[in-house]
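>
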Amino acid sequence: MPRPSSPPSSRVAEPIVAEPDAPVWRVPEAVIQDAWGRLLFDTSNLKTTTGEPVVILSPGHLNRGSGPDFSQATVRIGSAPEDLLWAGDIEIHRTSAEWNRHRHGEDPAYARVVLHVVLSPDHTTGTLTRSDGTGIPELVLLPHLDRSLRALVHDFHAQPVGLVPYCSERWGAVPESQRRAFVRETGVERLRMRAQRLAREYGRSPSPERLLIQALFRALGYAPNADAMERLARRLPLQLVRSLDAYDDIYALLIGLAGLADTRFFSEDFGDRFASLASAHALPRSMAPEAWRHGGRPANAPRRRLAQAAALLSAGGLLRDEPLAQLGDALAAEQPVQALRERIRAQAVENVPGIGASRADVILANAVLPVLYLDAELREDHAAEAHVLAALDALPPESDRITRAFEEAGLEPTSALISQGMHQLAEAYCEEGRCARCAIGVQLYPALAGV
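Everything in the sequence shown is counted per my numbering, starting at 1228 for the first residue and increasing by one.
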């Protein structure tokens, strides 16, 4: 989505607490991040420093690597219908001056920051800009905290140490069959929640096929370029793509719409091809080159992911002709997981690196199966819903720090459905303190049953 670009202002709309109970500069930034991520403040009357209303739909996901503090956040800023919903990154600081001190205004990696959240304002509040010169809306947290700064810092340091599940030392008191049954339930819950998010997108653009393409592009982008690949998929003129016979033309179209035709990452031939397509067709506006991240492993470079996306859209590729029907046939096959893998990994173009086996399984679990589940729900096809769940339960589990933590606690992830359930249990129950809604937590702490 576009980001707020209102001109910066140096005036704070409302006064804040003049003398906090602890020096602002001594509050660790991680404490403020924790307060934002867990919404440890009054969210009922938030306003930017220019007086625009702010509603937090999602605080986003904490980024433990380089770049903005939170990604994939969704907030409503302002009251005009056309300026309500913003999706992007959130940056957290003690004061506004730290934005300039860290030189974020010169860094394209921070160009998607839609809201700058500070604990306390200073002389630079309301004057900050991104690398493209647009102003950044700012929110001051201090007036909205529902506890003192000292209490906030204490609560942060008093949180359980280590990974979820926090109650793992007592898991032996609950039979493994009950633990596994509940984690399976949370795996189904996670799939349904993903389908619900897709349904909201479907309401804006009622095309399961378009949803599938967006989900596949996002999965191809990996974490660094997931947002950029999804934005590219939204721009894609499918009718034109399917009229192009040459793979190189499809690849050039993706490169150009990605805003990368004039960069050193691609040959001039693709730039010329895109220019020719642009002169013959009314194309959407290209993305900014700064939207892409080129660091990290070579296998995750945008040029490789765009090549794979172009192969999927070329003759013989999954996305070329009736992809949902192809995937539906695979889902109903005698060996559905193998059939689905073949659809995802099919290589339609020579010299284009294929999608690896493990990556194909991740794409199936996180992108393809949620779309197929939503499609089955929309068609009220309960048999197809069951096929999706069976396929998820037949896929191998993911291996990451969350699943390893559960395995160390005594619950082995035996399928993607179980590993997805572990992530759901960690994110929606453990980290949110929803022990009273957790079947395992209630077993361990009976007093929670009445909460």
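For each residue, glycine too, the CB sits at the ideal point set by N, CA and C.
Report, in whole angstroms, the separation of the C-beta atoms of Ser1260 and Ile1304, which I expect to be a contact under 8 Å.
Sequence inspection shows Gln at residue 1260; the Ser mentioned does not correspond to that position. Not really, about 20 Å apart at Cβ, beyond 8 Å.
> Determine the extent of the alpha helix (DSSP H) in which Leu1425 is found, giving its start and end residues.
Counting along the chain, the unbroken alpha helix (DSSP H) around Leu1425 starts and ends at 1403 to 1431.
> What residue range does the alpha helix (DSSP H) around Pro1451 cover?
1449 to 1462
> Mind checking who Arg1303 pairs with in its DSSP beta bridge?
Val1282, Leu1312
> Check whether the Cβ atoms of Ala1594 and Ala1446 sit closer than 8 Å, and answer yes or no.
yes
> By the 10 Å Cβ neighbour count, where 16 or more other Cβ atoms means buried, how is Pro1580 classified, buried or exposed?
exposed
> By the three-class DSSP mapping on this structure, what secondary structure does Ile1645 have?
helix
> Less than 8 Å between the CB atoms is what I'm expecting for Gly1315 and Arg1330, so what's the real figure, rounded?
In fact, because the Cβ distance is near 19 Å, the residues do not count as touching under 8 Å.
> First and last residue of the beta strand (DSSP E) that includes His1343?
Counting along the chain, the beta strand (DSSP E) containing His1343 begins and ends at 1340 to 1345.
> How would you label Gly1668, buried or exposed, when you count the other beta carbons within 10 angstroms and need 16 or more for buried?
Here Gly1668 is buried. Its C-beta has 16 or more other C-beta atoms within 10 Å.
> Measure the C-alpha to C-alpha separation of Arg1431 and Leu1425 and round it to an integer number of angstroms.
10 Å
> Please report the Cβ distance between Val1367 and Pro1392, rounded to the nearest whole angstrom; I am assuming they are in contact, meaning their Cβ atoms lie under 8 Å.
That pair is no contact at about 35 Å.
> Apart from the five residues just before and just after Trp1519, which ones in its own chain have a Cβ nearer than 8 Å to its Cβ?
Asn1452, Ala1455, Ala1485, Gly1486, Leu1487, Pro1529
> On the CB-based measure, 16 or more other CB atoms within 10 Å of its CB, does Asp1548 come out buried or exposed?
exposed
> Please identify the residue among Phe1383, Val1254, Val1410 whose C-alpha is closest to the C-alpha of Leu1266.
When only C-alpha atoms are compared, the closest one is Phe1383.
> Who pairs with Val1367 in a beta bridge, going by DSSP?
Val1345
> Do Arg1417 and Gln1651 have their beta-carbon atoms positioned less than 8 Å apart in this structure?
yes
> Please return the same chain residues whose Cβ sits closer than 7 Å to the Cβ of Cys1657, not counting the five positions on each side in sequence.
Val1391, Pro1392, Tyr1393
> In terms of alpha-carbon separation, which member of Ala1505, Arg1532, Glu1654, Ala1324 lies closest to Gly1287?
Glu1654
> Does DSSP put Gly1581 in a helix, a strand or coil?
coil
> Let me know the secondary structure DSSP gives Thr1356 once reduced to three states.
Three-state DSSP puts Thr1356 in a strand.
> If I'm right that Leu1355 touches Leu1369 with Cβ under 8 Å, what's the distance once you round it to whole angstroms?
About 18 Å; that fails the 8 Å criterion.
> Taking 8 Å as the threshold (C-beta atoms), are Gly1448 and Arg1532 in contact?
yes
> Nearest to Glu1682 by CA position, among Thr1490, Leu1644, Ile1363, Ile1571, is which residue?
The question about residue 1682 has no answer, for the chain in this structure spans 1228 to 1678.
> Compare the C-alpha of Ala1400 against each of Ala1479, Ala1636, Ala1378 and name the closest.
Ala1636
> Please state whether DSSP places Phe1493 in a helix, a strand or coil.
coil
> For Asp1620, which residues of its own chain have a beta-carbon under 6 Å away from its beta-carbon, when the five flanking residues on both sides are left out?
Result list for Asp1620: Ser1642, Leu1644, in chain order.
> Which partner residues of Phe1268 appear in the DSSP bridge assignment?
Within the DSSP secondary-structure output, Phe1268 pairs in a beta bridge with Leu1372.
> Relative to the C-alpha of Phe1444, which candidate in Leu1616, Ser1470, Ala1536, Leu1567 has its C-alpha closest?
Distances from the alpha-carbon of Phe1444 to those of Leu1616, Ser1470, Ala1536, Leu1567 put Ala1536 closest.
> Does the stretch 1495 to 1514 come within contact of the stretch 1468 to 1486, defined as at least 3 CB pairs closer than 8 Å?
yes
> Does DSSP put Thr1204 in a helix, in a strand, or in coil?
Since the first residue shown for the chain is 1228 and the last is 1678, residue 1204 is missing from the structure and cannot be characterised.
> So, helix, strand or coil for Gly1486, using DSSP?
coil
> In whole angstroms, what separates the C-alpha of Thr1413 from that of Gly1648?
5 Å
> Using DSSP with H/G/I as helix, E/B as strand and the rest coil, what is Ser1506?
Under the three-state reduction of DSSP, Ser1506 is assigned to helix.
> What do you get for Val1341, buried or exposed, if any count of 16 or more other CB atoms within 10 angstroms of its CB means buried?
buried
> With burial defined as no fewer than 16 other Cβ atoms inside 10 Å of the residue's Cβ, what is the status of Asp1373: buried or exposed?
exposed
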